[in-house]
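In my numbering, the protein residues as written are 88 to 287.
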């Protein structure tokens, strides 16, 4: 039943464009299928994005660990693609979120305007970066501007920074680490990762 324009996906695509992404490919893993978002759909979506030679894949959904999705993520990483994923909005007491918790995936959390972690932010086995996740404005499927909240909307901001660094041929990890604003405990920590990106 895909592709079907959704407010969630449209908002993420509009944030990527706002952050300077020139080419955006969208793999709709939900569509109109009641079973949409299942592991096979996600794996097929990643596979399709690889046929488009996507160098960065941003994923704003979470679920339990799954071998099918893990293999798809690993296959993309072996080809040099950077996978960026949200930690989800199930709260800090929730089980570790995937695909954010897979090895090598860039795990992203969201902060509010006071640089506090969103109270609903989930967790991953590791955390790389934080980005604005409250009072974020983007466009819905009908092109209407709306205010959003959640780690889903912090994630494309980080993905766009990764893509921008890669397009310049620089080491994206070093670039993002130099841009990140250290918050909380000095150095990387479990609340903010390596720091806040896209604070403006």
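From the three backbone atoms N, C-alpha and C, an ideal C-beta is built for every residue, glycine too.
Outcome for residue i when other beta-carbon atoms lying within 10 angstroms are tallied against a minimum of 16
i: residue 287; result: exposed
Local conformation of residue i per DSSP, three classes
i: residue 138; result: helix
i: residue 49; result: What is shown of the chain runs 88 to 287, which leaves residue 49 out entirely.
i: residue 257; result: coil
i: residue 234; result: strand
i: residue 132; result: helix
Distance CB(residue i)-CB(residue j) smaller than 8 Å
i: residue 186; j: residue 143; result: no
i: residue 302; j: residue 184; result: Nothing about residue 302 can be read from this structure; the chain reaches only from 88 to 287.
i: residue 135; j: residue 114; result: yes
i: residue 199; j: residue 221; result: yes
i: residue 70; j: residue 228; result: Here the chain comprises residues numbered 88 to 287, so residue 70 is not present and cannot be evaluated.
i: residue 208; j: residue 258; result: no
i: residue 196; j: residue 172; result: no
Whole-angstrom distance between residue j and residue i, CA atom to CA atom
i: residue 288; j: residue 262; result: The first residue shown for the chain is 88 and the last is 287, placing residue 288 beyond what the model contains.
i: residue 265; j: residue 234; result: 29 Å
i: residue 106; j: residue 246; result: 9 Å
i: residue 146; j: residue 192; result: 10 Å
i: residue 268; j: residue 281; result: 8 Å
i: residue 253; j: residue 166; result: 14 Å
i: residue 128; j: residue 273; result: 40 Å
i: residue 139; j: residue 112; result: 8 Å
Beta bridge counterpart(s) of residue i as assigned by DSSP
i: residue 185; result: 150
i: residue 276; result: 280
i: residue 268; result: 283
i: residue 224; result: 234
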